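S.K.:
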Ligand SMILES: Nc1ncnc2c1ncn2[C@@H]1O[C@H](COP(=O)(O)OP(=O)(O)OP(=O)(O)O)[C@@H](O)[C@H]1O
Ligand SMILES: [Mg+2]
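Protein chains in written order, with my numbering: chain P, 1 to 259; chain G, 1001 to 1359.
1. Beta carbons nearer than 7 Å to chain G: which residues of the region 212-237 of chain P have them?
2. Going by other Cβ atoms of all chains shown within 10 Å of its Cβ, with 16 needed for buried, is residue 1055/G buried or exposed?
3. Just to confirm my understanding: we take residue 1066/G, look at its own chain, exclude 5 residues before and 5 after, and list those with CB closer than 7 Å. What are they?
4. Any idea if residue 1009/G is buried or exposed, counting beta-carbon neighbours within 10 angstroms, 16 or more meaning buried?
5. Per DSSP, what kind of secondary structure is residue 55/P in: helix, strand or coil?
6. Does the distance from the C-beta atom of residue 147/P to that of residue 192/P stay below 7 Å?
7. For chain P, check one thing: does any of its Cβ atoms lie closer than 7 Å to the Cβ of residue 1195/G?
8. Quick one: using the 10 Å Cβ neighbour count with 16 as the cut-off for buried, is residue 44/P buried or exposed?
9. Beta-carbon of residue 1204/G versus every beta-carbon of chain P: anything under 7 Å?
10. Return the residues of the region 1218-1232 of chain G that lie within a Cβ-Cβ distance of less than 7 Å from chain P, sorted by chain order.
11. Using a Cβ distance threshold of 8 Å, determine whether the region 1202-1217 of chain G contacts the region 68-78 of chain P, with at least three qualifying pairs required.
12. If we call anything under 7 Å between Cβ atoms a contact, is residue 1079/G one with residue 1119/G?
13. Contact between the region 174-185 of chain P and the region 209-224 of chain P is defined here as three or more beta-carbon pairs at a separation below 8 Å; is this criterion met?
14. Output needed in chain order: residues of the region 82-102 of chain P with a Cβ under 8 Å from some Cβ in chain G.
15. Quick one: Cα of residue 119/P to Cα of residue 200/P, how far?
16. Once the 5 residues before and after residue 1086/G are set aside, which same chain residues still bring their CB inside 7 Å of it?
17. Step through the CB atoms of chain P and report whether any lies within less than 7 Å of the CB of residue 1211/G.
18. For residue 1196/G, which residues in the same chain have their Cβ closer than 8 Å to its Cβ, ignoring the five residues on either side in sequence?
19. Within its chain, find whatever has a CB closer than 8 Å to the CB of residue 242/P; leave out the 5 residues flanking it on each side and keep chain order.
20. So residue 246/P contacts chain G; which residues on that side make the cut at Cβ distance below 8 Å?
21. Near residue 83/P, which residues of its chain fall below 6 Å by C-beta distance, leaving aside the five closest residues on each side in sequence?
22. Counting only the same chain and skipping the five closest in sequence on each side, list residues whose C-beta sits under 6 Å from that of residue 115/P.
23. Does the distance from the C-beta atom of residue 240/P to that of residue 225/P stay below 7 Å?
24. Do residue 14/P and residue 58/P count as a contact pair if the criterion is CB distance below 7 Å?
25. At a cut-off of 6 Å, would you count residue 52/P as near ligand 2, judging by its Cβ distance to the nearest heavy atom?
26. When you compare the CB of residue 117/P with every CB in chain G, is at least one pair closer than 7 Å?
27. At a CB-CB cut-off below 8 Å, which residues of chain P make contact with residue 1190/G?
28. From the beta carbon of residue 1338/G, is the nearest beta carbon of chain P less than 7 Å away?
29. Using a cut-off of 9 Å between C-beta atoms, extract the partners of residue 1186/G located in chain P.
30. Going straight from the alpha carbon of residue 1241/G to that of residue 1164/G, what length do you get?
31. Once you ignore the five residues that flank residue 1028/G on each side, which residues in its own chain have a CB closer than 7 Å to its CB?
32. Just to check my reading of the structure: residue 1198/G and residue 1121/G have Cβ atoms closer than 8 Å, yes? What is that Cβ distance to the nearest angstrom?
33. Nearer than 6 Å: is that true of the beta carbon of residue 45/P relative to any heavy atom of ligand 1?
34. Which chain P residues are close to residue 995/G, counting only those with a beta carbon under 8 Å from its beta carbon?
35. Taking the alpha carbon of residue 152/P as the reference point, which residue from 40/P, 89/P, 145/P and 206/P has its own alpha carbon closest?
36. Who are residue 96/P's beta bridge partners in DSSP?
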């Protein structure tokens, strides 16, 4: 049961003279929900980008289910089973809600493009399967009624949900959420907390999330990692982190805790 | 659902029948000038759809179209000009083997032209498709010029600046519209498939598309090569349409001509490209009077101003872009159900069961 899903070993990311992430070590077990927190500019998104292949770590390694994914292209890493959302929403803006979720299933398609153009039986089956999964996911996320809307026209909260739906559509084993509650009021973030838990249970997922809303973080996380100026300063359960002197100091001494 | 599909199928068949009769009428009874323009419309449909695939649907800002057209055009010319004609054509240097003794049927020559253009697109794409936006535009523009310069200088293959004459004018109205229709159906099926959705995703947001598991290089290459193939076929048709080609036929301005159709119709609209191909082709012919003398304008030069038609045309294009920022159609398409909705809205009665047509 305690299977290691993700392992980050001594990962460092340098941009010229700036060390955005310094010697990061972390791990996540199967079906855990783990939070990565820290003041603005601490290197959280950079850590996500190293895990998802947007950046190749300057040094160190990343493994998924004991297989090294260090330096792989983002699309290969998505194939391997990591899906993500973005801090600044990155939907396929001028496409419909339904298309957004269909596109995320393209990576599981086994038919070739000529087979798709000719609408061969296997392609038809796969395509129908995609529509069925899209319906299931969108219904689960409460977005089925707006499936025909253009993604960009949705209210902000729904766009965040659609990003999660799109990530789930790739059938990941590990879901990375970059500030899913950003811009949400307390009621909405409470609902989101339930949603993330529900997703974890229903899809047997492992979740790593970056979040500034401490109520969400403390409520949802099994464990928490704290970054400050690129370095890990603490790791532990929510209760441990709340007591940690270094963490309190980093947050009070640094920026505001709200993005 | 199936009922809707069946009736659209029926309507499409009716439209096709009407189109065929119209073409047969034009072919039989209209002046040869009208027939020429009608054929050119179809060739421009092929070229515009091919460019729309990369530019409009994949968001690749490639400006190499004239180069790919040239490959198709020269291939068709070299493979279809009769052997005896070739001997008289190549006066400075004899044509190299195997072309000096080889002629193929027009269809086979078109196919080979397209394949060669696609192969070249692969070679150009490997370094260029990794570039972003403007860099890619400049690189592809440069390649298109390189192709033209190679053509100008490969005397024993292309006859250099003298060009190639006596290309059999096989591309009649049926060839042109047959291929245009085939390309139209092909592009529609591709775009509405999962691969088409992936291309659109790349256009919308490369980083998000890649994070969703879409291989950027793979899909851009697919789009680029298919587009080059179709441009090669379009170029081959064009060669057979005009009968005489030379390096100056495939200057950058050819690319702009097609770009104009795509922009006017709407980047990412198949229907838009088709409609705009007709509008632009016919419009450019129609405005040709502007190049000649305009006696009713007292201040106008006696012999007219050559190029005036392009000035007026560019202004018209500017107006279209200013008022319809996404071209005439934007991303929209003409479908039977859309027409049906319009009609019933016009007739004033609402149908309750909205047709949700998912492909
Ligand atoms: N591509 C890049 N090139 C140069 N510097 C970068 C790059 N990406 C991030 N940085 C820098 O790395 C540091 C960490 O940025 P990062 O986005 O990871 O912070 P974060 O913890 O996600 O902050 P926030 O809470 O504001 O989202 C910042 O100083 C940022 O300016
Ligand atoms: Mg961030």
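Ideal Cβ placement from N, Cα and C applies to all residues, glycine included.
Since the model is a prediction, treat every value here as computed from it, not as a measurement.
M.R.: So, to answer that:
1. none
2. Here residue 1055/G refers to the residue found at position 55 of the second chain. Counting Cβ neighbours within 10 Å, residue 1055/G comes out buried, since at least 16 surround it.
3. Looking up residue 1066/G in the second chain gives position 66. Result list for residue 1066/G: 1144, 1250, 1251, 1252, 1254 and 1255, in chain order.
4. Locating residue 1009/G in the second chain gives position 9, where the first residue counts as 1. In this structure residue 1009/G is exposed. Its beta-carbon is surrounded by fewer than 16 other beta-carbon atoms within 10 angstroms.
5. Start at 1 with the first residue of the first chain, and residue 55/P comes out as number 55. Three-state result, residue 55/P: coil.
6. Taking the first chain and counting its residues from 1, one reaches residue 147/P at position 147. Taking the first chain and counting its residues from 1, one reaches residue 192/P at position 192. No, the Cβ-Cβ distance between residue 147/P and residue 192/P is not below 7 Å.
7. Along the second chain, read from residue 1 onward, the residue named residue 1195/G stands at position 195. Yes - at least one Cβ of chain P is within 7 Å of the one on residue 1195/G.
8. For the purposes of this step, residue 44/P is identified with residue 44 of the first chain, where counting begins at 1. Buried, by the Cβ-count rule.
9. For the purposes of this step, residue 1204/G is identified with residue 204 of the second chain, where counting begins at 1. Contacts with chain P at 7 Å (Cβ-Cβ) include residue 1204/G.
10. 1222
11. A contact exists between the region 1202-1217 of chain G and the region 68-78 of chain P.
12. Taking the second chain and counting its residues from 1, the one referred to as residue 1079/G is at position 79. Taking the second chain and counting its residues from 1, the one referred to as residue 1119/G is at position 119. Against a cut-off of 7 Å, the Cβ pair of residue 1119/G and residue 1079/G comes out as no contact.
13. These segments touch.
14. 83, 84, 86, 90, 91, 92, 93, 94, 95, 98, 99 and 102
15. Counting from one through the first chain, the residue named residue 119/P turns up at place 119. Counting from one through the first chain, the residue named residue 200/P turns up at place 200. Each residue's alpha carbon lies about 35 Å from the other.
16. The residue labelled residue 1086/G in the question sits at position 86 within the second chain. So the qualifying residues of the chain are 1095 and 1100.
17. Taking the first residue of the second chain as position 1, residue 1211/G is located at position 211. It does; some Cβ of chain P falls within 7 Å.
18. Within the second chain, the letter at position 196 stands for residue 1196/G. Once the five neighbours on either side are set aside, the close Cβ partners of residue 1196/G are 1057 and 1190.
19. The residue you call residue 242/P lines up with position 242 of the first chain. Closer than 8 Å at Cβ, skipping near neighbours: 218.
20. Translated into positions along the first chain, residue 246/P becomes position 246. Chain G residues near residue 246/P: none, gap ~33 Å exceeds 8 Å.
21. The sequence position of residue 83/P within the first chain is 83, counting from 1. Result list for residue 83/P: 167, 170, 172 and 175, in chain order.
22. Numbered from 1 along the first chain, position 115 holds the residue referred to as residue 115/P. Only 123 meet the Cβ criterion.
23. Reading the first chain from its first residue, position 240 is the one you call residue 240/P. Reading the first chain from its first residue, position 225 is the one you call residue 225/P. The answer is no: Cβ separation not under 7 Å.
24. Working through the first chain from its first residue, we reach residue 58/P at position 58. Working through the first chain from its first residue, we reach residue 14/P at position 14. Yes.
25. For the purposes of this step, residue 52/P is identified with residue 52 of the first chain, where counting begins at 1. No.
26. On the first chain, position 117 is the one that residue 117/P refers to. Judged by the 7 Å Cβ criterion, residue 117/P is in contact with chain G.
27. Counting from 1 along the second chain, the entry for residue 1190/G is found at position 190. Residues of chain P passing the Cβ test: 113, 116 and 117.
28. Within the second chain, the letter at position 338 stands for residue 1338/G. With 7 Å as the cut-off, residue 1338/G does not count as an interface residue toward chain P.
29. Numbered from 1 along the second chain, position 186 holds the residue referred to as residue 1186/G. The CB of residue 1186/G comes closer than 9 Å to the CB of 117 in chain P, given here in chain order.
30. Taking the second chain and counting its residues from 1, one reaches residue 1241/G at position 241. Taking the second chain and counting its residues from 1, one reaches residue 1164/G at position 164. Approximately 13 Å between the Cα atoms of the pair.
31. Along the second chain, one-based indexing puts residue 1028/G at 28. Once the five neighbours on either side are set aside, residue 1028/G has no close Cβ partner at all.
32. The residue given as residue 1198/G occupies position 198 in the second chain. The residue given as residue 1121/G occupies position 121 in the second chain. With 8 Å as the limit, residue 1198/G and residue 1121/G do not qualify as a contact, their Cβ atoms being about 18 Å apart.
33. The count along the first chain starts at 1 and reaches residue 45/P at position 45. Yes - ligand 1 has a heavy atom lying nearer than 6 Å to the Cβ of residue 45/P.
34. Chain G is shown from 1001 up to 1359; residue 995/G falls before or after that span and cannot be answered.
35. What you label residue 152/P is simply residue 152 of the first chain in a count that begins at 1. If we check each option's Cα against that of residue 152/P, 89/P comes out closest.
36. Here residue 96/P refers to the residue found at position 96 of the first chain. Bridge partners of residue 96/P: 150/P.
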